[in-house]
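Taken in order, these protein sequences are the chains called H and X. Take the first sequence: its letters are residues 0 to 258, numbered as in numbering that gives the first Met the number 0. Take the second sequence: its letters are residues 0 to 258, numbered as in numbering that gives the first Met the number 0.
2 protein chains.
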Amino acid sequence: MQYEQLKTLETKQARQHIRASEYTGHTAGIAKSNLQGNVVILPLKYAFDFLRYCQRNPQSCPLITVSDTGNPNLSELGVDIDIRTDVPEYCVYKNGHLINTTTDILSLWQTGFVTFVIGCSFSFEQELLNHNIPIRHIENNKVVSMYLTNINTRPSGIFSGSMVVSMRPMKLEHIASACIISAKYSKAHGSPVHIGDPSIIGIRDINQPNWGDKTQFKASEVPVFWACGVTPQNAVKAACPAICITHSPGKMLITDLLA
Amino acid sequence: MQYEQLKTLETKQARQHIRASEYTGHTAGIAKSNLQGNVVILPLKYAFDFLRYCQRNPQSCPLITVSDTGNPNLSELGVDIDIRTDVPEYCVYKNGHLINTTTDILSLWQTGFVTFVIGCSFSFEQELLNHNIPIRHIENNKVVSMYLTNINTRPSGIFSGSMVVSMRPMKLEHIASACIISAKYSKAHGSPVHIGDPSIIGIRDINQPNWGDKTQFKASEVPVFWACGVTPQNAVKAACPAICITHSPGKMLITDLLA
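Printed below as a string of structure tokens:
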């Protein structure tokens, strides 16, 4: 299943192809008007510290839902959703090290697992496109560029670390609208955290993102930075829990909720 | 210290009198423009279930903050705040039974305690008064009437139960404004959950509140109901944790944050 083909499908159909591992790529621009989610799965013993971390850092970690303990279904996001199969690609971390990527986690599931679904900036991108604000990484079929910054998050127990941001190049005349539009999406990171000079937030080289693909700039475009759902992934990685499973950056859970 | 005198004081001064147990009454109308909070203190073992309960029921349980584990200070709400002394009166529950009310919990504090501060409808009352919408229980120096309803909350682990509501009588011409104004206060329960006939939400007798004082109605006034921070207290009581400490209904933590 190719990206261009998946883009034409309804939400439930797109998710079925993902569930069957027929599509394992990024989800930007797929199921356009639906809320997409970052996924973090942790054993119960880490769940309180992590939920408090989300509560303390709502712009990086806007919580959409928290599962019942041990239940792989997320029926409030879509009656058919099974978190063990419905993400295009998963990252499996043990003691803070990425040990595997996989297209399902059926064999890894534990009865004490808790799933956290966190909003994603993809949710407001369609609205930007509707306002004729181009999104480069969608145009070019790339994963959005993501960077580690020097902006501290508020720690909670074992979880702490710097904010990760996603970046979209914008023409000056689009920046105000992009701020106003994204601000309405509080469950999708809200308004930008920084506009312009990347060095101010600790990014040395805009052409070397820490995650995702390099982004092509056009003349007189400015980088605009939004808080990113990889922030909690990064905090989890640093905390070195015995096991943690996340989505692969850019490859999100697609929900039935409207963005 | 009398209520009328406390009403004239600045926030920090009012809190000092509360800290010294010189005032142990209700806090409606005190430190007028500041955010007030419902307080729930639980051992760590119950903290994840309870935090997820708040996340799932944001209108009843709009979280203001969650403390670090074992730390009685809530510096983000006020640098001097010590949750062991700064509430006018506490309720101490053991295994779901109210065993004591007290004006400080210094001798009861445990290293594994976690404090949850939840928004309170008092926060929007000043704004209603600013719009010339009378608040009867403030006029009459009473505790707002609170009722158990038949509206279910979303359960989380051991926590579940019906929504508790607070009620204010309103003239018809004030109801639309009261809805619009309170809707802006999402951290203070937001807009009403019900307007009019109490029996629809399971309240048999408006003159017999489950908590607080009976409210006097004037001619052609309608009862308006808001989700109430006693909801999580009620859920906690039903869950029968070994120990739980809350504020006494109507006697809130006064913070330095603006409402």
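Cβ atoms here follow ideal geometry from the backbone N, Cα and C, with glycine treated the same way. From a predicted model like this one, the values you see are computed outputs, not experimental measurements.
Applying a beta-carbon distance threshold of less than 9 Å, which residues of chain H neighbour residue i?
| i | result |
| --- | --- |
| threonine 114(X) | Within chain H, no residue comes near threonine 114(X); the closest Cβ sits about 11 Å away, beyond 9 Å. |
By DSSP, does residue i sit in helix, in strand, or in coil?
| i | result |
| --- | --- |
| phenylalanine 112(H) | strand |
| lysine 170(H) | strand |
| glutamine 54(X) | helix |
| glutamine 9(H) | The question names glutamine, but residue 9(H) is glutamate in the sequence shown. Of the three classes helix, strand and coil, the one that applies to glutamate 9(H) here is coil, per DSSP. |
| cysteine 243(X) | strand |
| cysteine 178(H) | helix |
| valine 235(X) | helix |
| aspartate 48(X) | helix |
| lysine 186(H) | helix |
| valine 223(H) | strand |
| proline 42(X) | strand |
| histidine 193(X) | strand |
| valine 86(H) | coil |
| valine 65(H) | strand |
| isoleucine 29(X) | coil |
| leucine 76(H) | helix |
| isoleucine 205(H) | coil |
| glutamine 215(H) | coil |
| glutamine 4(H) | helix |
| isoleucine 104(H) | coil |
| threonine 254(H) | strand |
For residue i, count neighbouring Cβ atoms within 10 angstroms of its own Cβ and tell me buried if that reaches 16, exposed if not.
| i | result |
| --- | --- |
| valine 9(H) | According to the sequence provided, residue 9(H) is glutamate. The question's valine does not apply to it. Exposed, because fewer than 16 other Cβ atoms sit within 10 Å of the Cβ of glutamate 9(H). |
| valine 38(X) | buried |
| arginine 83(X) | buried |
| arginine 153(H) | exposed |
| cysteine 90(H) | buried |
| glycine 111(H) | exposed |
| arginine 51(H) | buried |
| aspartate 204(H) | exposed |
| aspartate 48(H) | buried |
| leucine 257(X) | exposed |
| glycine 189(X) | buried |
| alanine 237(X) | exposed |
| cysteine 239(X) | exposed |
| glycine 95(X) | exposed |
| phenylalanine 216(X) | exposed |
| glutamine 232(H) | buried |
| valine 229(X) | buried |
| glutamate 138(X) | exposed |
| alanine 218(X) | exposed |
| glutamine 1(X) | exposed |
| threonine 7(H) | exposed |
Run down chain H in chain order and give the residues with a C-beta less than 7 Å from the C-beta of residue i.
| i | result |
| --- | --- |
| valine 38(X) | Under the 7 Å cutoff, chain H gives no residues; its nearest Cβ is about 16 Å from valine 38(X). |
| threonine 68(X) | Gly156 |
| alanine 46(X) | Phe47 |
| leucine 252(X) | Those within 7 Å of leucine 252(X) in chain H number zero; the least Cβ separation is about 17 Å. |
Give the residues of chain X in contact with residue i, contact being defined as C-beta atoms less than 7 Å apart.
| i | result |
| --- | --- |
| valine 65(H) | Arg51 and Gln54 |
Using a Cβ cut-off of 8 Å, pull out every chain X residue sitting near residue i, in sequence order please.
| i | result |
| --- | --- |
| leucine 62(H) | Gln54 |
Query raised in the report: Can you give, in chain order, each stretch of the alpha helix (DSSP H) that sits fully within the stretch 106-165 of chain H and has at least 4 residues?
Result: 121-129 and 135-138
**Report entry** Validate contact between the stretch 160-171 of chain X and the stretch 125-140 of chain X using beta carbons, cut 8 Å, 3 pairs
**Finding:** yes
Query raised in the report: Do three or more CB pairs link the stretch 21-34 of chain X to the stretch 21-37 of chain H at distances below 8 Å?
Result: no
Query raised in the report: Can at least three beta-carbon pairs, one atom from the stretch 96-103 of chain X and one from the stretch 59-66 of chain X, be found at a separation below 8 Å?
Result: no
Query raised in the report: Are the stretch 67-74 of chain H and the stretch 141-158 of chain H in contact at 8 Å, needing three or more beta carbon pairs?
Result: no
Requested in this report: Taking 8 Å as the threshold, find out whether the stretch 221-229 of chain H comes into contact with the stretch 190-199 of chain H through three or more Cβ pairs.
Outcome: yes
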